[in-house]
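**Student:** Residue numbers (the numbering used here): 39 to 899. Think of the CB as a built atom: it goes at the ideal place given N, C-alpha and C, for glycine as much as any other residue. To start, I am sharing the structure in question, which I have written as structure tokens.
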């Protein structure tokens, strides 16, 4: 006891007043530092989230630019789209190679292949250089790094904290952008909503100004309110679910996931059972696990109005998502037991939601059939090469059937010549002008029109009216008109050397076109060679001087009008003859003027850069000479600009459509002739009836007699038309079926195998093959499938054999192996397949549909 008291006295004696204050101060500093560090960490986390969002958007912008590239697109264009996207999200980046200044981040953008590795066939870095973009890119990677200044953490020596973001974008799979909503086909006819008399449904045609912020691109489409089907009340709009076996499949939580972002169809799809077993088809489903026409899909009628569902739908309204939705013909059951029979897919734009009395509705624009999803999506797991990943690649196959026709005798010909008299026709074949305004360049000429490969870019405007080639004999218009004179002299007309009365005489009419084609730009049918030649020489501004733009579609439409008003037959000596109808289309440039069939001069305006959306790869000052941008596949439809309305096809596509729908579909044979070195986009595989009906004179050549190569082209056309013992013919449309009776075994192929798709991996050379099969149960519907294809970049080469029922008996099956895309054909294309996407975790299916044209000429010996 004494000892304990002694110890306590010693302890009390050792204490000094205020000795705990330093300890308390230290603890206070630590607490303040921790609080400050927490605040700084929170701020850093917020900045990093902003960087991640910006990187995601920038990767999408870069990939979108790459997808819509042209042959002249450079790395700088892709880099600029990335930087501009980052800036729009409040992120500033340092110049390439420079140290980031305060408030800036370091940007590193790269091209990756399908394995997630930097490309090796070109520089993988996306910078502001002017090198052309490589052609084997699967992903665009955007990496951001930087540091965020701290405020409180400086107390503990942390002046800044690091942030980073890494994003990848690639081309969307065909399972993205599809949402679990279905529309009844009872309100749809073709690509329009059926007009409704009930004012509550608000049916209307979209007019200019109806949808602010859309550049009037949806003008002319129809819109209406779609009433949500209730548990007991009918409607024309219902909810779906992609799967029924997973936990929570019928919940609104799962529905919201399927509605968010690009949707989650890629996570998996389960067809609903066929509702009437007695009518169950022999094969159902046709493609298990893949949403197809003919599938039954699980539904869930009634209003879905959870916070997450509302948020997802509101976001689609806000950003203007073009939603791919199933369209159904039949519905059975109610509530979560309902099922819907899908007959097609459609593209819709969600405008508004609301309620009228007891009916809940969504207001939508119907945009017709969905185009392929040629747009960018975010991907995850890209930088870890997936060596085990495999992809199921599949698609449908269509062909444009051709056959030969052997006439019993020669028929009289009705020719219509469609002649380009635009300004560039005053240049020589190299696109040069040596007369004009001001002093000539030291080389002695201006580049005033399109020229051969390696020629300078066009450097003046006013070709024809101000600038022209002095040597008249070398101008394009002179060569063309004199060649047409030789064509006229080769026909069966009175006064020509080979005229015969054994059949009625030939006739010829004339159309000449610039940017517009009024009815005064035509001359009717005549069989007088002198009259026709005089008409040709008088066409245009002057005999051998021209001016104006290029509206090929308008010229072809005028030709159709002339033929439409002319008699199709002629009777002589008691016999009635059918005219053979032929159009010869001659041009030296890219069609860049838009067609308006309701205008007196058939012109809607110029397809210039202002008719493309901001950020589009085609929105640049050189677009008038960019053939691929003047197609709808690459350029998209017009946005409203000045007098140009929204929603028009691009000029080359318009010209192809006129040729196919107004001329070829009515039995007219169309030849196309390209003067100078211009792209054959649309001319060979669209405007011309067959590729063999396309002729090119890239430069001017003369033989020892002074005859030009254009004279020879006209003679070849005349010989084909007048003397041909075989005439190529084609069906009016694509078909995706080969019945068994239209196939003969060839090359080891036995029906239902009618062809093959061959894939060659670009880096290894490994070859994979899959048959093109005709499904007997579906009338010979054509498909192909690779079940387990390693991710990679592949060269795709298809072929199939088909025997047309109208071919002569001694003709065997023909080979169709030219892939038709964007108004051109090619024997092969390059595709990229990759298994990992953030659109529903790991999607394992990609679709690549094919359209094939005949390889060769049906009349070839």
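(1) From residue 156 to residue 207, what distance separates their C-alpha atoms?
(2) Give me the DSSP bridge partner(s) of residue 947.
(3) Is the stretch 640 to 654 touching the stretch 670 to 681, taking contact as three or more C-beta pairs under 8 angstroms?
(4) Classify residue 83: buried if its beta carbon has 16 or more other beta carbons within 10 angstroms, exposed otherwise.
(5) Considering only the alpha carbon of each residue, which of 780, 826, 645 and 672 lies closest to residue 659?
(6) Which residue wins for smallest C-alpha separation from residue 750, given the options 466, 788, 867 and 711?
(7) Scan the stretch 537 to 587 and note each continuous alpha helix (DSSP H) run of 4 residues or more that stays entirely inside, going in chain order.
(8) What are the start and end residues of each continuous beta strand (DSSP E) run of 3 or more residues lying completely inside the stretch 241 to 295, in chain order?
(9) How is the alpha helix (DSSP H) around residue 348 delimited, first residue to last?
(10) According to DSSP, is residue 158 part of a helix, a strand, or is it coil?
(11) By DSSP, does residue 304 sit in helix, in strand, or in coil?
(12) Count the other CB atoms, across all protein chains shown, that sit within 10 Å of the CB of residue 438; report buried if there are 16 or more and exposed otherwise.
(13) Grab me the residues of residue 238's own chain with a C-beta within less than 6 angstroms of its C-beta, minus the 5 sequence neighbours each way, in chain order.
(14) Alpha carbon to alpha carbon, how far is residue 767 from residue 621? Give it in angstroms, no decimals.
(15) Name the one or two DSSP bridge partners that residue 400 has.
(16) On the DSSP bridge list, what partners appear for residue 442?
(17) CB-CB under 8 angstroms to residue 89, same chain, minus the five flanking residues each way: which ones, in chain order?
(18) Could you give the DSSP three-state label for residue 181: helix, strand or coil?
(19) Would you say residue 334 faces chain B, with C-beta separation under 8 angstroms as the test?
(20) For residue 833 and residue 800, which I take to be in contact (beta-carbon distance under 8 angstroms), what is that distance rounded to the nearest angstrom?
(21) Would you identify the three-state DSSP class for residue 616, choosing helix, strand or coil?
(22) First and last residue of the alpha helix (DSSP H) that includes residue 527?
(23) Based on DSSP bridge pairs, tell me the residues matched to residue 484.
(24) Which of the three DSSP states is assigned to residue 690 in this structure?
(25) Per DSSP, what kind of secondary structure is residue 511 in: helix, strand or coil?
(26) Does the pairing of the stretch 448 to 457 with the stretch 598 to 608 give three or more beta-carbon distances under 8 angstroms?
(27) Using beta-carbon positions only, say whether residue 778 and residue 818 come within less than 8 angstroms of one another.
(28) Quick check: what's the CA-CA separation for residue 500 versus residue 461?
(29) Take residue 727 as the anchor and find which of 702, 624, 717 and 741 has the nearest alpha-carbon.
(30) Going by DSSP, what residue range makes up the alpha helix (DSSP H) through residue 753?
(31) For a test of the three-state rule: what should DSSP assign to residue 86, helix, strand or coil?
(32) So, for residue 205: in the same chain, excluding its five sequence neighbours on each side, which residues have a beta-carbon less than 6 angstroms away from its beta-carbon?
(33) In three-state terms, what does DSSP make of residue 867?
(34) Could you say which of 831, 812, 377 and 830 lies nearest to residue 823 if we only look at CA atoms?
(35) Leaving aside the five residues before and after residue 331 along the sequence, list all residues of the same chain whose C-beta is less than 7 angstroms from its C-beta, in chain order.
(36) What distance in whole Å lies between the Cβ atoms of residue 683 and residue 736, which are believed to be in contact at a cut-off of 8 angstroms?
**Tutor:** Looking at the atomic coordinates:
(1) For the purposes of this step, residue 156 is identified with residue 118 of the chain shown, where counting begins at 1. For the purposes of this step, residue 207 is identified with residue 169 of the chain shown, where counting begins at 1. The alpha-carbon atoms of residue 156 and residue 207 are separated by roughly 14 angstroms.
(2) In the structure displayed, the chain extends from 39 to 899; residue 947 sits before or after that span and is not available.
(3) With a cut-off of 8 angstroms, the stretch 670 to 681 and the stretch 640 to 654 count as touching, because enough Cβ pairs lie within range.
(4) The residue you call residue 83 lines up with position 45 of the chain shown. Counting of Cβ neighbours within 10 angstroms places residue 83 among the exposed residues, the total staying below 16.
(5) Position 621 of the chain shown, counted from the first residue, corresponds to residue 659. The closest CA to that of residue 659, considering only 780, 826, 645 and 672, is found on 645.
(6) Translated into positions along the chain shown, residue 750 becomes position 712. That would be 711, whose Cα lies nearest to the Cα of residue 750.
(7) Runs of the alpha helix (DSSP H) inside the stretch 537 to 587: 567 to 576.
(8) Within the stretch 241 to 295, the complete beta strand (DSSP E) runs of at least 3 residues are 260 to 265 and 275 to 278.
(9) Taking the first residue of the chain shown as 1, we reach residue 348 at position 310. 345 to 357 is the extent of the alpha helix (DSSP H) around residue 348.
(10) Residue 158 sits at position 120 when you count from the first residue of the chain shown. Assignment of residue 158 by DSSP, reduced to helix, strand and coil, places it in the coil class.
(11) Indexing the chain shown from 1 puts residue 304 at position 266. Helix at residue 304.
(12) In the chain shown, residue 438 corresponds to position 400, counting from 1. Result: buried.
(13) In the chain shown, residue 238 corresponds to position 200, counting from 1. Closer than 6 angstroms at Cβ, skipping near neighbours: 394.
(14) Here residue 621 is taken as the residue at index 583 of the chain shown, counted from 1. Here residue 767 is taken as the residue at index 729 of the chain shown, counted from 1. CA-CA distance, residue 621 to residue 767, rounds to 15 angstroms.
(15) Locating residue 400 in the chain shown gives position 362, where the first residue counts as 1. In DSSP, residue 400 forms a bridge with 264 and 391.
(16) The count along the chain shown starts at 1 and reaches residue 442 at position 404. Per DSSP, the beta bridge partners of residue 442 are 766.
(17) In the chain shown, residue 89 corresponds to position 51, counting from 1. Around residue 89: 129, 143, 182, 184, 201, 202 and 203.
(18) Against the chain shown, residue 181 aligns to sequence position 143. Residue state, collapsed to three classes: strand.
(19) Looking for chain B here will not work: only one protein chain is present.
(20) In the chain shown, the residue the question calls residue 833 occupies position 795. In the chain shown, the residue the question calls residue 800 occupies position 762. Indeed they touch by this definition, with Cβ atoms about 6 angstroms apart.
(21) On the chain shown, residue 616 is found 578 positions in, with the first residue counted as 1. Strand at residue 616.
(22) By one-based count along the chain shown, residue 527 stands at place 489. Where residue 527 is concerned, the enclosing alpha helix (DSSP H) stretches over 514 to 528.
(23) Position 446 of the chain shown, counting from 1, holds the residue named residue 484. Paired residue(s): 471.
(24) As a position in the chain shown, residue 690 is number 652, starting the count at 1. The DSSP-derived three-state label of residue 690 is helix.
(25) Indexing the chain shown from 1 puts residue 511 at position 473. The answer is helix: DSSP assigns residue 511 an H, G or I state.
(26) Using a Cβ-Cβ distance cut-off of 8 angstroms, the stretch 448 to 457 and the stretch 598 to 608 are in contact, since at least three pairs of beta carbons, one from each stretch, lie closer than that value.
(27) One-based indexing of the chain shown puts residue 778 at position 740. One-based indexing of the chain shown puts residue 818 at position 780. Cβ atoms of residue 778 and residue 818: closer than 8 angstroms.
(28) Along the chain shown, read from residue 1 onward, the residue named residue 500 stands at position 462. Along the chain shown, read from residue 1 onward, the residue named residue 461 stands at position 423. If I take the Cα positions, the gap works out to 7 angstroms.
(29) Position 689 of the chain shown, counted from the start, is the residue given in the question as residue 727. Nearest in C-alpha terms to residue 727, of all of 702, 624, 717 and 741, is 702.
(30) In the chain shown, residue 753 corresponds to position 715, counting from 1. Its alpha helix (DSSP H) spans residues 747 to 761.
(31) Locating residue 86 in the chain shown gives position 48, where the first residue counts as 1. If DSSP states are grouped into helix, strand and coil, residue 86 belongs with the helices.
(32) Within the chain shown, the letter at position 167 stands for residue 205. Excluding residues up to 5 positions away in sequence, 93, 94, 97 and 180 lie with their Cβ nearer than 6 angstroms to the Cβ of residue 205 in the same chain.
(33) For the purposes of this step, residue 867 is identified with residue 829 of the chain shown, where counting begins at 1. In the three-state reduction of the DSSP assignment, residue 867 falls in the strand class.
(34) Stepping through the chain shown from its first residue, residue 823 is reached at position 785. Nearest C-alpha to residue 823 among 831, 812, 377 and 830: 812.
(35) As a position in the chain shown, residue 331 is number 293, starting the count at 1. Result list for residue 331: 380, 381 and 382, in chain order.
(36) Residue numbering aside, residue 736 sits at position 698 when the chain shown is read from its first letter. Residue numbering aside, residue 683 sits at position 645 when the chain shown is read from its first letter. Contact between residue 736 and residue 683 is absent: CB atoms are separated by about 36 angstroms, not below the 8 angstroms threshold.
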